[in-house]
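First to last, the protein sequences are chains A and B.
Residues in the first sequence are numbered from 24 upward in steps of one, following this note's numbering.
Residues in the second sequence are numbered from 2 upward in steps of one, following this note's numbering.
In this text, a Cβ means the ideal position worked out from N, Cα and C, and glycines have one as well.
Shown next, in structure tokens, is the structure this report addresses.
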Amino acid sequence: DAGVTQSPTHLIKTRGQQVTLRCSPKSGHDTVSWYQQALGQGPQFIFQYYEEEERQRGNFPDRFSGHQFPNYSSELNVNALLLGDSALYLCASSLAQGGNQPQHFGDGTRLSIL
Amino acid sequence: DAKTTQPNSMESNEEEPVHLPCNHSTISGTDYIHWYRQLPSQGPEYVIHGLTSNVNNRMASLAIAEDRKSSTLILHRATLRDAAVYYCILRWDDKIIFGKGTRLHILP
Chain A
24 DAGVTQSPTH LIKTRGQQVT LRCSPKSGHD TVSWYQQALG QGPQFIFQYY
74 EEEERQRGNF PDRFSGHQFP NYSSELNVNA LLLGDSALYL CASSLAQGGN
124 QPQHFGDGTR LSIL
Chain B
2 DAKTTQPNSM ESNEEEPVHL PCNHSTISGT DYIHWYRQLP SQGPEYVIHG
52 LTSNVNNRMA SLAIAEDRKS STLILHRATL RDAAVYYCIL RWDDKIIFGK
102 GTRLHILP
């Protein structure tokens, strides 16, 4: 049973470019959340998708957008990249049942902005 | 979101038990107490969670104070592989708000 898979594992972009990161949830999970983790910090919640809609959003600008597909996989898009967007981007999947359900994380995509 | 307070770092000897404390004095009745850990170069890994009663699983035990204002994650016999950042988190819905966690060092 595959866990959460993310692609690519590493990515290098330049300022102003756009990037798309991909996530396949653990089998049976219907909810996908995205997090940004800067070096030396804890992960920060970006947003969550359920039933192909954004259900919750953290304190991130509109440059960060996402999508969930009918098979529950998800994409994170970031436009007009800034140097400060350099971070590890983590995807987590779960069942949509509130605080009683663990989230399962992938190992992330390391995004470097030059 | 209710906040948690954890020590920045702790040390423990290999093969000894480890008790990782967490204070959450503003916890509400619907908050679950979750613990995750993050090993170097990996995503966070779920460890254990509970609401009111103590919980055990194959990885660890969670001891919850009677007033629920604090909890302790117990690793019964630490190994070098347990060296990680441990996050204590309160959750009432699907998102996770991470703090800075406790960096656990295991001494051989």
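- In this structure K70 (chain B) is exposed. Its beta-carbon is surrounded by fewer than 16 other beta-carbon atoms within 10 angstroms.
- With fewer than 16 other Cβ atoms inside 10 Å of its own Cβ, R86 (chain A) counts as exposed.
- A Cβ-Cβ separation of about 17 Å leaves Y95 (chain A) out of contact with P125 (chain A) under the 8 Å criterion.
- About 7 Å separates the Cβ atoms of A25 (chain A) and S50 (chain A), confirming a contact at the 8 Å cut-off.
- In the three-state scheme derived from DSSP, where H, G and I count as helix and E and B as strand, R45 (chain A) is classed as strand.
- The beta carbons of L21 (chain B) and Y87 (chain B) sit closer together than 7 Å.
- For the beta strand (DSSP E) assignment, the uninterrupted runs of no fewer than 3 residues enclosed by the stretch 72 to 118 of chain A are, from N- to C-terminal side, 76 to 80, 87 to 91, 97 to 101, 110 to 117.
- At a cut-off of 7 Å between beta carbons, L113 (chain A) contacts chain B.
- Distances from the alpha-carbon of H90 (chain A) to those of A:L137, A:K36, A:Q40, A:T54 put A:T54 closest.
- Within the stretch 122 to 133 of chain A, G122, N123, Q124, P125, Q126, H127, F128, G129, D130, G131 place their CB atoms closer than 8 Å to a CB of chain B, listed in sequence order.
- The criterion of a C-beta distance shorter than 7 Å is satisfied by Y33 (chain B) and N123 (chain A).
- Of all residues in the stretch 88 to 99 of chain B, the ones placed with a Cβ closer than 9 Å to any Cβ belonging to chain A are Y88, L91, R92, W93, D94, D95, K96, I97, I98, F99, in chain order.
- For W57 (chain A), the enclosing beta strand (DSSP E) stretches over residues 54 to 60.
- Across the set A:R38, A:T43, A:T37, the C-alpha of A:T43 shows the shortest separation from the C-alpha of S30 (chain A).
- Cβ proximity to chain B below 7 Å picks out L113 from the stretch 85 to 115 of chain A.
- Neighbourhood of H50 (chain B) in chain A, by CB distance below 8 Å: N123, P125, in chain order.
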